[in-house]
Amino acid sequence: MATNQTEQPQALRHQEVGHKSLLQSDALYQYILETSVYPREPQAMKELREITANHPWNLMTTSADEGQFLGMLLKLINAKNTMEIGVFTGYSLLATALALPEDGKILAMDINRENYEIGLPVIQKAGVAHKIEFKEGPALPVLDQMLEDGKYHGTYDFIFVDADKDNYINYHKRLLDLVKVGGLIGYDNTLWNGSVVAPADAPMRKYVRYYRDFVIELNKALAADPRIEICQLPVGDGITLCRRIS
Ligand code: SAM
Ligand code: CA
170 MATNQTEQPQ
180 ALRHQEVGHK
190 SLLQSDALYQ
200 YILETSVYPR
210 EPQAMKELRE
220 ITANHPWNLM
230 TTSADEGQFL
240 GMLLKLINAK
250 NTMEIGVFTG
260 YSLLATALAL
270 PEDGKILAMD
280 INRENYEIGL
290 PVIQKAGVAH
300 KIEFKEGPAL
310 PVLDQMLEDG
320 KYHGTYDFIF
330 VDADKDNYIN
340 YHKRLLDLVK
350 VGGLIGYDNT
360 LWNGSVVAPA
370 DAPMRKYVRY
380 YRDFVIELNK
390 ALAADPRIEI
400 CQLPVGDGIT
410 LCRRIS
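My numbering runs 169 ahead of the 1-based position in the sequence shown.
Structure below.
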């Protein structure tokens with residue numbers, strides 16, 4: 170394992186290896202990327218991934234293997250009406266837009282339009298921008314407005330939550346009304362850099378420490394929620410799928 174890693178030029182190695190993968194070996198993760206992910210990655214996603222790699226906050230992007238997983242999942246459930254909270258430059262958004270049918274829809278929300286606009290030309294070139302409605306601003310008030318309107322209850326096939334981890338519980342309270350019975354909510358980063366199992370006094374980057382307790386509380390709350398079935402997958406930084414059952 171060590172030999173393989175040291176022989177591999179740094180540029181070829183996934184920038185998030187060791188941060189986002191739960192696999193014990195970086196080489197094994199690299200193997201998955203090079204064997205099954207990169208060769209099948211749509212050209213537009215590759216382009217957006219490369220553009221995002223130059224962004225100072227590139228650590229926030231969805232990894233290519235998770236993008237592939239999302240695309241497969243959306244097709245399996247025949248998703249048509251979807252929502253994404255936390256867009257950044259749009260890698261998961263593009264994976265979603267490519268997986269939806271021509272008349273599919275994504276309500277995409279982020280407090281930062283600038284980063285969305287970095288990826289937008291790639292999304293437009295891929296011919297899927299018409300599926301996206303982007304709303305700039307905090308997501309919570311938008312959800313409250315939708316609930317108040319009354320016409321959005323039980324209308325979403327899939328909702329991907331990848332934004333402010335300290336609000337996931339607040340999102341969950343609202344999203345459970347907005348997703349269809351039988352529909353899915355995916356909460357991203359539920360293993361939070363592995364910090365969910367770290368001792369409280371372990372050294373951690375500041376932002377990891379800040380959000381850690383929120384993620385731990387979310388995981389407990391989801392596991393105890395009788396309105397959903399759950400499945401926490403070690404893909405990316407951990408994604409918990411919640412299927413609404415009542
Ligand atoms: N899914 C994205 C991708 O594939 O690149 C990554 C999203 S990034 C991890 C988190 C995003 O959440 C940031 O772009 C940030 O601006 C956004 N965000 C933070 N707080 C938010 C809020 N209250 N409402 C909506 N978006 C928010
Ligand atoms: Ca994420």
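All C-beta atoms in this analysis are idealised placements derived from N, C-alpha and C, irrespective of residue type, glycine included.
Between Asn223 and Thr258 the beta-carbon gap is near 10 Å, outside 8 Å, which marks them as no contact.
Cys411 counts as buried, since no fewer than 16 other beta carbons sit within 10 angstroms of its beta carbon.
At least 8 Å separates the beta-carbon of Leu353 from that of Gly407.
For Ala233, the closest of Tyr325, Pro225 and Arg218 by C-alpha to C-alpha distance is Arg218. Counting other Cβ atoms within 10 Å of its Cβ, His299 stays below 16 and is therefore classed as exposed. By the neighbour-count criterion, in which 16 or more other beta carbons inside 10 Å mark a residue as buried, Ile328 falls on the buried side. A residue is called buried once 16 or more other Cβ atoms fall within 10 Å of its Cβ, and Val350, having fewer, is exposed.
Between Gly355 and Val384, the gap from beta carbon to beta carbon reaches 8 Å or more. If the five residues before and after Ile254 are omitted, its C-beta is found closer than 6 Å to the C-beta atoms of Met278, Ala308, Val330 and Ala332, all from its own chain and listed in chain order. Shortest Cα-Cα distance from Lys294 to any of Ser415, Gly319, Gln212 and Tyr379 involves Gln212.
For Thr204, the number of other beta carbons within 10 angstroms of its own is below 16, and it is reported as exposed.
The continuous stretches of beta strand (DSSP E) do not include Glu203, and DSSP gives it neither H nor E. Tyr380 places its beta carbon less than 8 Å from that of Lys334.
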